[in-house]
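Note that the sequence shown covers residues 88 to 323 in the working numbering.
Before any comments, here is the structure.
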Amino acid sequence: TNKLCMPVVVSESTSLLLSNNDDEVLSLRDDESDDIKNGDKKLFRAIAALSFAILVQSYLVISVFPYSGFLAMHLIPDLDEETAGSYAGFIAFSFMAGRTFSSFEWGKAADRYGRVFVIKLSLLLCAALSIIFGLAPTYLMALVFRFLLGLCNGLLGPITTLVSEYAKGDQKKETKMMAIVLGMWGYGFLINPAISGYLSDPIKQYPDAEWVTLFHPILIKYPFLPPNIVGCFFCL
Numbered sequence: 088t089n090k091l092c093m094p095v096v097v098s099e100s101t102s103l104l105l106s107n108n109d110d111e112v113l114s115l116r117d118d119e120s121d122d123i124k125n126g127d128k129k130l131f132r133a134i135a136a137l138s139f140a141i142l143v144q145s146y147l148v149i150s151v152f153p154y155s156g157f158l159a160m161h162l163i164p165d166l167d168e169e170t171a172g173s174y175a176g177f178i179a180f181s182f183m184a185g186r187t188f189s190s191f192e193w194g195k196a197a198d199r200y201g202r203v204f205v206i207k208l209s210l211l212l213c214a215a216l217s218i219i220f221g222l223a224p225t226y227l228m229a230l231v232f233r234f235l236l237g238l239c240n241g242l243l244g245p246i247t248t249l250v251s252e253y254a255k256g257d258q259k260k261e262t263k264m265m266a267i268v269l270g271m272w273g274y275g276f277l278i279n280p281a282i283s284g285y286l287s288d289p290i291k292q293y294p295d296a297e298w299v300t301l302f303h304p305i306l307i308k309y310p311f312l313p314p315n316i317v318g319c320f321f322c323l
């Protein structure tokens, strides 16, 4: 038997409706692609900010290493190079001692008040204490201020938590983002000691430099203030 093929007649109103539906689908797709692009930009900015925060964290930890012995000799007049090692070690130790006592409390504060709030507050406190540490008049005060600098440092926990939250359960994405963010810790160990060592005690290193001559009265009294000013600038 032959089957008759009946022609399908599409009215103008139906064709108009179909074209409108197609336009709506295309507009929805465009909106979705725009949302994805905007989301990627926000995620990129967030990861960049967290990476720089890790770089700042590494600077706060290790920037004192190149000059801690010289700082101890500056603050303790009778100290020499042969006996300065243990005093320098206590300066480096005091920061981590402060972190030991406060890390858990900073984690609870991040859960209660928000990760970003804790990161901003930690950076602000560390900026102030970096300057105060550079202005320490005695060895004991340097230990106290360095301890407080570690005590007020609550960056690492909230940063790693935010990376996991931004990944939204995607393990591959989390692995990549964690590698990028925590990878800055290694770059910090590479770059930051060079920065602090270059800026420490500039009167002895660069006696003829114009900026050293300009700030000579301050630098003669606080020769290790410049690397701490850089730490303050990084925090802000």
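The beta-carbon is built from N, C-alpha and C at its ideal position, and this holds for glycine as well.
Bear in mind the structure is a predicted one, so any value in this text is a computation, not a measurement.
Inset, instruction - Rounded to whole angstroms, what's the CA-CA distance from Thr-170 to Leu-312? Just pull it up for me. - result: What you label residue 170 is simply residue 83 of the sequence shown in a count that begins at 1. What you label residue 312 is simply residue 225 of the sequence shown in a count that begins at 1. Computed Cα separation, rounded: 23 Å.
Inset, instruction - Let me know if Arg-132 comes out buried or exposed under the rule of 16 or more other beta-carbons within 10 Å of its beta-carbon. - result: Looking up residue 132 in the sequence shown gives position 45. Classification for Arg-132: exposed.
Inset, instruction - Can you say whether Tyr-200 is buried or exposed, counting buried as having 16 or more other CB atoms within 10 angstroms of its CB? - result: Along the sequence shown, read from residue 1 onward, the residue named residue 200 stands at position 113. By the 10 Å Cβ count, Tyr-200 comes out exposed.
Legend entry - Cutoff 7 Å; reference Gly-318; Cβ partners in own chain excluding five residues on either side: In the sequence shown, residue 318 corresponds to position 231, counting from 1. Closer than 7 Å at Cβ, skipping near neighbours: Tyr-146, Leu-147, Ser-150 and Ser-217.
Inset, instruction - Measure from the alpha carbon of Ile-282 to the alpha carbon of each residue in Ala-136, Ser-138, Thr-247 and Leu-142, then state which is nearest. - result: Your numbering for residue 282 matches position 195 in the sequence shown. That would be Leu-142, whose Cα lies nearest to the Cα of Ile-282.
Legend entry - Reference Leu-137, options Leu-242, Thr-300 and Tyr-274, closest by Cα: Within the sequence shown, the letter at position 50 stands for residue 137. Answer by Cα proximity: Leu-242.
Legend entry - Enclosing alpha helix (DSSP H) for Cys-213 [first to last residue]: Start at 1 with the first residue of the sequence shown, and residue 213 comes out as number 126. It spans 202–221 - the alpha helix (DSSP H) in which Cys-213 sits, taken as one unbroken run.
Legend entry - Own chain, CB closer than 6 Å to Tyr-226, minus 5 neighbours either side, in chain order: Locating residue 226 in the sequence shown gives position 139, where the first residue counts as 1. Contacts found: Leu-162 and Ile-163.
Legend entry - Ordered list of beta strand (DSSP E) runs contained in the region 156–207, each at least 3 residues: none
Inset, instruction - Determine the extent of the alpha helix (DSSP H) in which Asn-279 is found, giving its start and end residues. - result: Locating residue 279 in the sequence shown gives position 192, counting from the first residue. Element bounds for Asn-279: 258–286.
Legend entry - Euclidean distance between Cα positions of Ile-269 and Ala-140: What you label residue 269 is simply residue 182 of the sequence shown in a count that begins at 1. What you label residue 140 is simply residue 53 of the sequence shown in a count that begins at 1. The sequence given here has Leu at residue 269, not Ile. Between Leu-269 and Ala-140, the C-alpha separation is close to 10 Å.
Inset, instruction - Decide if Met-271 is buried, meaning its Cβ has at least 16 other Cβ atoms within 10 Å, or exposed. - result: Residue mapping note: residue 271 aligns to position 184 of the sequence shown, counting from 1. Buried: at least 16 other Cβ atoms inside 10 Å.
Inset, instruction - Just tell me which of Cys-322, Pro-314 and Leu-323 has its CA closest to the CA of Pro-153. - result: Sequence index remark: in the sequence shown, residue 153 carries index 66 (1-based). It is Pro-314.
Inset, instruction - Give every residue of the same chain whose Cβ lies closer than 7 Å to the Cβ of Ile-307, excluding the five residues on either side of it in the sequence, and list them in chain order. - result: Numbered from 1 along the sequence shown, position 220 holds the residue referred to as residue 307. Ile-290.
Inset, instruction - Note down the Cα distance separating Ser-189 from Pro-304, rounded to an integer number of angstroms. - result: Sequence index remark: in the sequence shown, residue 189 carries index 102 (1-based). Sequence index remark: in the sequence shown, residue 304 carries index 217 (1-based). Roughly 37 Å between the two C-alpha positions.
Inset, instruction - Can you grab the Cα-Cα spacing for the pair Lys-255 / Asp-165, in whole Å? - result: What you label residue 255 is simply residue 168 of the sequence shown in a count that begins at 1. What you label residue 165 is simply residue 78 of the sequence shown in a count that begins at 1. Cα to Cα, Lys-255 sits roughly 57 Å from Asp-165.
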